[in-house]
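In the UniProt record's numbering, the protein residues as written are 1 to 522.
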């Protein structure tokens, strides 16, 4: 089998209704190995899962999975050691038999040994796997290994990911993880986190905790007592944990300790209690809050003294409070417990093209408090749009959610810029655009989405080269932005980098929406 088989890119197809991913490998898999899976011909290993026997082939399992490759090597070494021990035991038994003169027993034991040897021969070819929570996913994974095809949905994805991780199926891990990460939203994050922990889905766990941390300030009376200590600590220690007041962190930690300690099986030891209490930034509590905290025996005395000293030092030096979004290197070197928390942001999750979940829609409805009005035409919103040139229409109409034509002049490197105002930072993770013409021509094909805070230095968020997603009169399409961004942008820009579908430089745009996180600055 050629090693190019593994390198062959697998195709992924997703439908909006069932959210099914179908992964196809090289045709050789479906043509060559499916029959061996069905009839068990030439099987040299039996895998038992949940009392069900699967007659499989070592070479196929080993080729795809390093887990099975290592497992079979271990079994082989065990057999070698058994054979060596047999030879040693034979020599010892010969000496014992001579000394004890038990020749008569040898004949009686022959029949018993025959039966034992039969059992041992069976055991040599049988391996029992204990796969809690993932028993039903095993035949699906096996079929993927043999036939190169698998279907996943919201119910099966996590069990499949759990086994793919255990069996070290790298491509399947990446594909299923990507599928799941798109499903995790702020409204379902705790449910996904619980399931991800159950199946030890590391990437999904990290994504869930990241979302929880960024939206922490929006949670009302959150109860995390169900969360294992390891992950509760990861959440409370997250760099992006955002709260309006530090006392909220203290109260949630106290609630966690109290509820965990009610259950003797989940009770926290003194070391872990101290460890999570150290995550509270006591120097940001008010004097009255510190007086109340001082009565809590779980709070280390030295931490209270340290926080008071920090407050005194701050008062003596009369330090000016720095904006949270512009932390310098000097402040980053300060111990974490003395730093400001990150500013509180709100996330907006994409569901479908031009839904009511977008950032621009939120600005136009004043956070869904009023009917939508085009925010670029309202001075109070401090949101506006600029274009490199205008051939037809008004660029301000682009955010009006109406099918109105707009395009720039036929000039290379045409652009449309969106200014979210001096008090907003945007971290986009998806965006949607609408073709700016009532005809199927001059469609965007080559462009970059960029972000900036000064309109001079631009960060490329996504490149599009010969992208044929837009098609038809006022057609729409959406794309994800997969960069791990650490800072937000005031300005976002569409910059045309090549000809459109009609070999022109007109940039046609009738609508746009962004999704992700928005941070309102003081």
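Ideal placement from N, C-alpha and C gives every residue a C-beta, glycine not left out. These numbers come from a predicted model, not from an experiment.
With respect to residue 252, residue 347 sits apart: the two C-beta atoms are not nearer than 8 angstroms. Boundaries of the alpha helix (DSSP H) harbouring residue 140: 138-147, taken from the DSSP string. Take the alpha-carbon of residue 255 and the one of residue 240: they are about 21 angstroms apart. Between residue 407 and residue 393 a beta carbon distance of about 7 angstroms is seen, short of the 8 angstroms cut, so the two are scored as contacting. About 20 angstroms separates the Cβ atoms of residue 434 and residue 497, ruling out a contact at the 8 angstroms cut-off.
Taking the Cα positions, residue 295 is about 19 angstroms away from residue 271. Taking a C-beta distance under 8 angstroms as the contact criterion, residue 499 and residue 446 qualify as a contact pair. Following the DSSP letters along the chain, one finds residue 496 inside the beta strand (DSSP E) bounded by residues 491-496. Of the candidates 466, 185, 157 and 160, the residue whose Cα lies closest to the Cα of residue 429 is 185. Residue state for residue 396 is assigned as helix, using DSSP reduced to three classes. CA-CA distance, residue 50 to residue 269, rounds to 37 angstroms.
Leaving aside the five residues that flank residue 455 on each side, the residues in its chain whose CB is nearer than 6 angstroms to its CB run, in chain order, 491.
With three or more CB-CB distances shorter than 8 angstroms, the segment 195-204 counts as touching the segment 152-166. Counting only residues of its own chain and dropping the five nearest sequence neighbours on each side, residue 261 has a CB closer than 8 angstroms to the CB of 267 and 268. In this chain, residue 235 is not harboured by any beta strand (DSSP E); it is covered by the alpha helix (DSSP H) spanning 229-236. The beta carbon of residue 448 is closer than 6 angstroms to those of 460, 463, 495 and 497 in its chain, skipping five residues each way along the sequence. For residue 281, the secondary structure class from DSSP, reduced to helix, strand or coil, is coil. Taking all protein chains shown into account, residue 277 has 16 or more neighbouring C-beta atoms within 10 Å of its C-beta and is therefore buried. If only uninterrupted alpha helix (DSSP H) runs of at least 4 residues are considered, those enclosed by the segment 172-260 are 189-198, 202-214 and 229-236. The segment 368-378 and the segment 397-407 touch, with no fewer than 3 CB-CB distances between them shorter than 8 angstroms. Look at the UniProt domain "F5/8 type C" (407-517) and you find these whole runs of beta strand (DSSP E), each 3 residues long or longer: 415-419, 424-434, 447-452, 459-464, 476-480 and 491-496. Classified as exposed, residue 472 has fewer than 16 neighbouring CB atoms from the shown chains inside 10 Å of its CB. Sequence-distant Cβ neighbours of residue 352 in its own chain, meaning closer than 7 angstroms and more than five residues away, do not exist here. If you look at residue 345, you'll find it isn't in any alpha helix (DSSP H); it sits in the beta strand (DSSP E) that goes 345-348. Exposed is the label assigned to residue 484, since fewer than 16 other Cβ atoms lie within 10 Å of its Cβ. Spanning the alpha carbons of residue 64 and residue 438 requires a straight line of approximately 50 angstroms.
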